[in-house]
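Undergrad:
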Amino acid sequence: MEIKQVCILGAGTLGSRIAFQAALSGYWVKVYDIKEESFTISQKMISKIAKGLIASELYTQLAIDEAFTRLSYTLNDEEAVAEADIISESVTEDLALKQQVWTRMGQIAPEKTIFTTNTSYLLPSSLASFTGRPSRFCAFHFHDVFYSKIVDIMPHPGTDAKVIKILQDFGQKLKQVPVVLKKENHGYIFNAMLLSFLGAAGKLLVNEVATIEDIDKSWMVNFHVPMGPFAILDSIGLDTAWHVTHQLPDANSKAFAALLKTYVDAGKLGEKSGEGFYRY
Numbered sequence: 001m002e003i004k005q006v007c008i009l010g011a012g013t014l015g016s017r018i019a020f021q022a023a024l025s026g027y028w029v030k031v032y033d034i035k036e037e038s039f040t041i042s043q044k045m046i047s048k049i050a051k052g053l054i055a056s057e058l059y060t061q062l063a064i065d066e067a068f069t070r071l072s073y074t075l076n077d078e079e080a081v082a083e084a085d086i087i088s089e090s091v092t093e094d095l096a097l098k099q100q101v102w103t104r105m106g107q108i109a110p111e112k113t114i115f116t117t118n119t120s121y122l123l124p125s126s127l128a129s130f131t132g133r134p135s136r137f138c139a140f141h142f143h144d145v146f147y148s149k150i151v152d153i154m155p156h157p158g159t160d161a162k163v164i165k166i167l168q169d170f171g172q173k174l175k176q177v178p179v180v181l182k183k184e185n186h187g188y189i190f191n192a193m194l195l196s197f198l199g200a201a202g203k204l205l206v207n208e209v210a211t212i213e214d215i216d217k218s219w220m221v222n223f224h225v226p227m228g229p230f231a232i233l234d235s236i237g238l239d240t241a242w243h244v245t246h247q248l249p250d251a252n253s254k255a256f257a258a259l260l261k262t263y264v265d266a267g268k269l270g271e272k273s274g275e276g277f278y279r280y
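Take the sequence shown: its letters are residues 1 to 280, numbered as in full-length UniProt numbering.
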């Protein structure tokens, strides 16, 4: 099977990045969302990324312009999936919502379509049956796309082996490095490690061991890196971090989730809203 048409469900931060990378890689891309204002935000984000790619001489203006001709947006889910060879879902990290989305996709998508979820923490086996075609369903999880170029391929026990191979090839064509998990695991590989790291930082903050700034400085200076754990959380999105953290059973995670919720309720979601633990 050759992938030509890509459908992105969710015009948020990562969905927009995946869409733009797919368009730059020569694919025809349709982005679906339920809110038209999401498209405006997405287009501004992509335009900013495009300027950076041109300034870094990674792409020419011509290549960027051609990519934009292959990228479109729609509020109509049937239009979005009508010709889709693959669907990449990046909706809110909420199990019930994702199950609802995949039930709908199973009803309206063509038989040829491969279904993938970009979930950060949920397991594909918790979603696969809702599609009505679990053998064509797999987790296909991107990170930054332009900077952190890993894509996780995590099948559930019923995923067709041919789908895994197609996703490996597709990931490479999107200029990513595919890694295939041998079994389902919450948080894949990197996110599982990252969650422990961020959780440790959250525990230090909740227990009032040190300030946000000093916790970040300690990590940044020791490892010679530009971001500490709380700046990383801002880049991920505090709403996304809360959706993952509040599902964890231990007391430290629950306490940190409660702190994250105060930021989310105040509209401080991180970089995408202009303020989180830091101001942008």
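We put the CB at the ideal spot given by N, CA and C, even for glycine.
No experiment lies behind these values; they were computed from the predicted model shown.
With DSSP as the reference, please indicate the residues paired to T116 in a beta bridge.
TA: As a first step, residue 116 must be located in the sequence shown, where it is residue number 116. DSSP, once it has assigned bridges, lists S88, C138 as partnering T116.
Undergrad: Would you mind sorting T119 into buried or exposed? The rule is 16 or more other CB atoms within 10 Å of its CB.
TA: Your numbering for residue 119 matches position 119 in the sequence shown. Counting Cβ neighbours within 10 Å, T119 comes out buried, since at least 16 surround it.
Undergrad: Opposite residue 317 in the DSSP bridges: which residues?
TA: Residue 317 lies beyond the range of the chain shown here (1 to 280); nothing can be said about it.
Undergrad: Hey, I215 and F230 are a contact pair by Cβ (cut 8 Å); roughly how many whole angstroms apart?
TA: Here residue 215 corresponds to residue number 215 of the sequence shown, with the count starting at 1. Here residue 230 corresponds to residue number 230 of the sequence shown, with the count starting at 1. Correct: roughly 7 Å between the Cβ atoms.
Undergrad: With a cut-off of 8 Å, do at least 3 Cβ pairs link the segment 123 to 131 to the segment 209 to 225?
TA: no
Undergrad: Taking Cβ positions, are E83 and T117 nearer each other than 9 Å?
TA: The residue given as residue 83 occupies position 83 in the sequence shown. The residue given as residue 117 occupies position 117 in the sequence shown. No, Cβ-Cβ distance for E83 and T117 is not below 9 Å.
Undergrad: What is the DSSP secondary structure of Y147, reduced to helix, strand or coil?
TA: For this step, residue 147 is matched to residue 147 along the sequence shown. Reduced to three states, the DSSP call for Y147 is coil.
Undergrad: For the beta strand (DSSP E) containing Q5, name the first residue and the last one.
TA: Taking the sequence shown and counting its residues from 1, the one referred to as residue 5 is at position 5. Run containing Q5: 5 to 9, per the beta strand (DSSP E) assignment.
Undergrad: So, helix, strand or coil for S218, using DSSP?
TA: Mapped onto the sequence shown, residue 218 falls at position 218. Of the three classes helix, strand and coil, the one that applies to S218 here is helix, per DSSP.
Undergrad: Can you tell me whether V225 is buried or exposed? The criterion is at least 16 other CB atoms within 10 Å of its CB, across all chains shown.
TA: For the purposes of this step, residue 225 is identified with residue 225 of the sequence shown, where counting begins at 1. Exposed: under 16 other Cβ atoms inside 10 Å.
Undergrad: Provide the residue span of the alpha helix (DSSP H) that contains L14, from first to last.
TA: Within the sequence shown, residue 14 is the residue found at index 14, counting from 1. 13 to 24 is the extent of the alpha helix (DSSP H) around L14.
Undergrad: If you draw a straight line from the alpha carbon of T69 to that of G12, how long is it in whole angstroms?
TA: As a working mapping, residue 69 is identified with position 69 in the sequence shown. As a working mapping, residue 12 is identified with position 12 in the sequence shown. Near 20 Å, if we compare the C-alpha coordinates of G12 and T69.
Undergrad: Nearest to C7 by alpha carbon, out of P249, L75, G274, T92?
TA: What you label residue 7 is simply residue 7 of the sequence shown in a count that begins at 1. For C7, the nearest C-alpha among the options comes from L75.
Undergrad: Buried or exposed for S148, please, with buried defined as at least 16 other CB atoms from any protein chain shown within 10 angstroms of its CB.
TA: Here residue 148 refers to the residue found at position 148 of the sequence shown. Flag for S148 reads exposed.
Undergrad: On the DSSP letters alone, give me the boundaries of the alpha helix (DSSP H) that V101 sits inside.
TA: Numbered from 1 along the sequence shown, position 101 holds the residue referred to as residue 101. V101 -> alpha helix (DSSP H) spans 95 to 108.
Undergrad: Quick check: the Cα distance between G270 and L233, rounded to an integer number of angstroms?
TA: Taking the first residue of the sequence shown as position 1, residue 270 is located at position 270. Taking the first residue of the sequence shown as position 1, residue 233 is located at position 233. Computed Cα separation, rounded: 7 Å.
Undergrad: Tell me the rounded alpha-carbon separation between P134 and T211.
TA: Locating residue 134 in the sequence shown gives position 134, where the first residue counts as 1. Locating residue 211 in the sequence shown gives position 211, where the first residue counts as 1. Each residue's Cα considered, the two are about 46 Å apart.
Undergrad: Among residues of its own chain, excluding the 5 on either side of H246, which ones have a beta-carbon nearer than 6 Å to its beta-carbon?
TA: Position 246 of the sequence shown, counted from the start, is the residue given in the question as residue 246. The answer, listed in chain order, is A257.
Undergrad: Among the residues of its own chain, which have a CB less than 6 Å from the CB of S42, if the five just before and after it don't count?
TA: Here the question's residue 42 lines up with position 42 in the sequence shown. Excluding residues within five positions, the ones whose Cβ falls inside 6 Å are A11, S16.
Undergrad: Should the segment 183 to 192 be called in touch with the segment 159 to 174, which here means at least 3 C-beta pairs below 8 Å?
TA: no
Undergrad: Assuming S72 is part of the beta strand (DSSP E), what are its boundary residues?
TA: As a working note, residue 72 is residue 72 in the sequence shown. 71 to 74 is the span of the beta strand (DSSP E), which, as asked, contains S72.
Undergrad: Could you check what DSSP says for G270 in three-state terms: helix, strand or coil?
TA: Indexing the sequence shown from 1 puts residue 270 at position 270. The answer is strand: DSSP assigns G270 an E or B state.
Undergrad: Exposed or buried, N191, counting other C-beta atoms within 10 Å across all chains shown (16 or more means buried)?
TA: As a working note, residue 191 is residue 191 in the sequence shown. That one is buried.
Undergrad: If you count every other CB in all the chains shown that lies within 10 Å of the CB of A161, and 16 or more means buried, which is it?
TA: Here residue 161 is taken as the residue at index 161 of the sequence shown, counted from 1. With fewer than 16 Cβ atoms within 10 Å of its Cβ, A161 is classed as exposed.
Undergrad: With DSSP as the reference, label K30 as helix, strand or coil.
TA: Here residue 30 refers to the residue found at position 30 when the sequence shown is read from its first residue. Three-state result, K30: strand.
Undergrad: So which of E37, L194, I87 has the shortest CA-CA distance to V29?
TA: In the sequence shown, residue 29 corresponds to position 29, counting from 1. Residue I87 is the option with its Cα nearest to V29.
Undergrad: For P157, tell me which candidate among G106, L167, R136 has the shortest Cα-Cα distance.
TA: Here the question's residue 157 lines up with position 157 in the sequence shown. Nearest option by C-alpha distance: R136.
Undergrad: Less than 7 Å between C-beta atoms, sequence neighbours within five positions excluded: which residues of the same chain meet that for S25?
TA: Translated into the one-based positions of the sequence shown, residue 25 becomes position 25. Short of 7 Å from the beta carbon of S25, and not among the five residues preceding or following it, lie these beta carbons of its own chain, in chain order: K173, L174, K175.
Undergrad: On the DSSP letters alone, give me the boundaries of the alpha helix (DSSP H) that K35 sits inside.
TA: As a working note, residue 35 is residue 35 in the sequence shown. Per DSSP, K35 belongs to no alpha helix (DSSP H) and is neither H nor E.
Undergrad: Using the Cα positions of F140 and V179, report the straight-line distance between them to the nearest angstrom.
TA: Numbered from 1 along the sequence shown, position 140 holds the residue referred to as residue 140. Numbered from 1 along the sequence shown, position 179 holds the residue referred to as residue 179. Distance between the alpha carbons of F140 and V179 is about 10 Å.
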